[in-house]
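Counting along the sequence shown from 1, when you hit position 254 you're at 262 in this note's numbering, and nothing is skipped either side. For every residue, glycine included, the Cβ atom is placed at its ideal position computed from N, Cα and C. One structure is given below, encoded as structure tokens.
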Amino acid sequence: MNHGEKNPVIATRRDFLKTSAIATGGAALIVPTGFSSSLFASGDDTIKVGLIGCGGRGTGAAGQALSTNGNVKLTAVGDAFPDNARGAIEGIKGGLGSKSDRVQVSPDKIFDGLDAYQKVLDSGVDLVILATPPGFRPIHFEAAVKAGKHIFMEKPVAVDAPGVRQVIEANKIAKEKKLKVGVGLQRHHQAGYLETIKRIKDGTIGDIVTLRAYWNGTTPWDPRKTREQCKTEMEYQVINWYYYNWLSGDHICEQHIHNLDVCNWVMGGQDAEAAYPVRASGMGGRQVRVDKKYGEIFDHHFVEYEYKSGARLYSQCRQMGGCWNSVSEHVHGTKGTSNPGGNIRGAGIDWDFKDKQKDAYQVEHDDLFAAIRKGTEYNEGDNGAYSSMTAILGRLCTYSGKEIAWDDAIASKVSLAPKSYTWDSEPPIKANAEGVYPVAVPGLSRVL
Ligand SMILES: NC(=O)c1ccc[n+]([C@@H]2O[C@H](COP(=O)([O-])OP(=O)(O)OC[C@H]3O[C@@H](n4cnc5c(N)ncnc54)[C@H](O)[C@@H]3O)[C@@H](O)[C@H]2O)c1
């Protein structure tokens, strides 16, 4: 990019950073706006929830939404597949115990297909939970904002730069409409992180020099169906979505985003532009999980990110059995070190967060629903988009083997999305005659 040029994307980022929640440390600002709770669809104080994407997390998030204080009902569900939509209803009820009557989904409000999201949005709900594979998130988020719904959306919120920009643009409208937007980066609602990061920002460990972040573990789930068991290639990839970048963004986006997001949170301060890396480089590949059934994603990534201050973040994510595992973040300052989830060492102190912590998955819903009821400002959408972009930047580096600047990455026009979304549509990635999908080759693959 020509740095003399005004880049509309970066202008957007700077505008946002002046006022965003990030400037206050990543937690959502709670500012009264006078937005009345009597605006709910039912005309009383009942918040009607619609669930889009009825898998493991969607089901869990719906249960958490229905466990918040006040009148709340699940009134509509939508999933690509009818069995998942129907199955979620019983699953959510089962998890709610004495509150199971909060699930009130009539048969005509159970939707399936790739257009189920729109039907849920049109069904008279006040809030939607977006918990499909993330490749669909920008489309679903934009449609939900257009429909004037409050939103809880899972991370990552996009898998490529055009998707990130789509979310940022839609989120501007969400703010104008005073819609509340929560993003499933639940560490922002976890007491240990909140207290420790406050102490880091108060200067307890001095200036931050280095960060380390890990999501090293094993394969979360194996492909669920074979190609022969699916009618079309689109169906096959959507069912096995984790292994296709246009759907998952690779595991650096899918899971490691949590740790990268914490590092961004730690780096954000009064100078909010400091919160996101300015450039990165990295390496990665597919060494153990090489069977063709594992689609196109890598099984390991190492990325070195550089922040505006010059601080470096060394990031590892690996999905291999029998290796050293860790899901954690570490911050090294001029006076001490910290695991921002709950301890500080050196600097003349040896401090651990010892209070009992509530389940952050529940707290993120408690906070979102409280903001809806009180009419206070609440929007985590931009941070969700920029932390998603941080993970995408990492993937662009490991796939290409190049050093890539944030400005160039976020301005990229390379879209991973298919041209259309029907079961007969062609997915953007195709296997060869042997059923093998192309995999990125560092040094050769072009990503921007
Ligand atoms: N915050 C967290 O800690 C956390 C934990 C787990 C998952 N997640 C996120 O939640 C999302 C879902 O993950 P999951 O584990 O529940 O996956 P999952 O595979 O269990 O569920 C996804 C569901 O979405 C459905 N679906 C796919 N495409 C759809 C479409 N276009 N429209 C409607 N439904 C569609 C699938 O059929 C499936 O039922 C992912 O983005 C994941 O990263 C977040």
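Own chain residues within Cβ distance below 8 Å of residue i, not counting five before or after
i	result
N7	The requested residue 7 does not occur in the structure, where the chain is confined to residues 9 to 456.
L74	V57, V80, K81, L82, I100, L104, K107, R110, V111
A124	I60, G86, D87, A88, A93
T240	W431, D432
T204	S346, N347, P348, G349, G350, N351, I352, F361
V153	I159, A178, N179, I181, A182, K185, L187
Q365	Q198, A199, G200
Start-to-end residues for the alpha helix (DSSP H) that takes in residue i
i	result
V172	169-184
C271	265-275
E372	368-382
A124	124-129
Y407	389-408
I260	259-262
R220	Premise fails: R220 lies in the beta strand (DSSP E), 216-225, not in any alpha helix (DSSP H).
R145	145-154
A417	414-418
Cβ neighbours of residue i in the same chain (closer than 6 Å, five flanking residues each side left out)
i	result
V449	none
H340	V217, T218
G68	none
H308	G292, R326
A368	Q194, H197, Q198
V444	K300
A439	Y445
E162	R65, A139, G192
CA nearest to the CA of residue i, picked from the options
i	options	result
A63	R232, V175, V189, R353	The sequence shown places Gly at residue 63, rather than the Ala named in the question. Out of R232, V175, V189, R353, R232 has the C-alpha closest to the C-alpha of G63.
L255	F144, D120, Q370, D415	F144
V422	P436, T430, S428, K81	P436
V191	P164, K316, C331, Y201	P164
R320	L59, A166, M275	M275
E314	R220, Q327, R353	R220
G458	V311, V298, A283	The structure shown does not extend to residue 458, since the chain is modelled only from 9 to 456, so the question has no answer here.
C325	I260, I305, K438, I352	I260
K117	P90, P141, C271	P90
D393	R353, A84, F149, E98	What sits at residue 393 in the sequence shown is Ala, not Asp. Among R353, A84, F149, E98, the Cα nearest to that of A393 is on F149.
Q370	G51, A49, Q72	Q72
H264	K316, V167, E372	V167
G51	K316, N267, D134, F119	D134
A96	R403, E236, G132, A139	A139
D416	S428, E434, V455, T406	V455
S453	E304, L268, K157	E304
D360	I400, C238, L202, D374	L202
Y302	I205, V447, E177, A288	V447
W229	R235, R297, G211	R297
S396	L268, F119, K185	L268
K343	C331, C238, G356, I418	G356
F306	G200, C405, K206	C405
D363	P142, G200, A288, I147	G200
G427	A49, A151, M242, E184	For the record, residue 427 in the displayed sequence is Lys; it is not Gly. K427 has its Cα closest to that of M242, out of A49, A151, M242, E184.
Cross-strand partners of residue i (DSSP beta bridge)
i	result
G68	In DSSP, G68 forms no bridge with anything.
D82	Note on identity: in this sequence residue 82 is Leu, with Asp being the wrong assignment. In DSSP, L82 forms a bridge with V57, V111.
A283	Answer by DSSP bridge pairing: none, since A283 is not bridged.
D120	D87
D360	N351
L138	I60, M161
V298	BP columns for V298 are empty, so no partner.
First through last residue of the beta strand (DSSP E) which encompasses residue i
i	result
I501	Outside the displayed range of the chain (9 to 456) lies residue 501, so it cannot be described from this structure.
F160	158-161
Q194	Unbroken run through Q194: none, as it is neither H nor E.
F310	308-314
S289	287-293
G344	344-347
C325	320-327
G132	Careful: G132 lies outside any beta strand (DSSP E) and carries neither H nor E.
N253	Note, N253: premise wrong, no beta strand (DSSP E); alpha helix (DSSP H) at 253-256.
I8	This structure does not reach residue 8, given that the chain is present from 9 up to 456, and the question cannot be answered.
E337	334-341
Cut-off 7 Å between Cβ atoms - residues of its own chain near residue i, not counting five sequence neighbours on either side
i	result
G329	T226
P170	K421, S423
G34	Only weak support is given to the placement of G34: the predicted model assigns it a pLDDT of 40, under 50, and the question is left unresolved by the model.
G451	G409
G66	L59, A96, I137, A139
K316	E281, A282, V286
G389	V175, N179, A182, V189, V191
A151	Y125, Q126, L129
D258	I305, F306, R403
Short CB-CB distance (under 8 Å) between residue i and chain B
i	result
G451	Among the chains in the structure shown there is no chain B, since it carries only a single protein chain.
So which residues touch the region around ligand 1, with touch meaning a C-beta under 6 Å from any heavy atom?
Ordered along the chain, the selected set is I60, G61, C62, G63, G64, R65, G66, G86, D87, A88, F89, N92, L122, A124, Y125, A139, T140, P141, P142, F144, E162, K163, G192, Q194, V246, E262.
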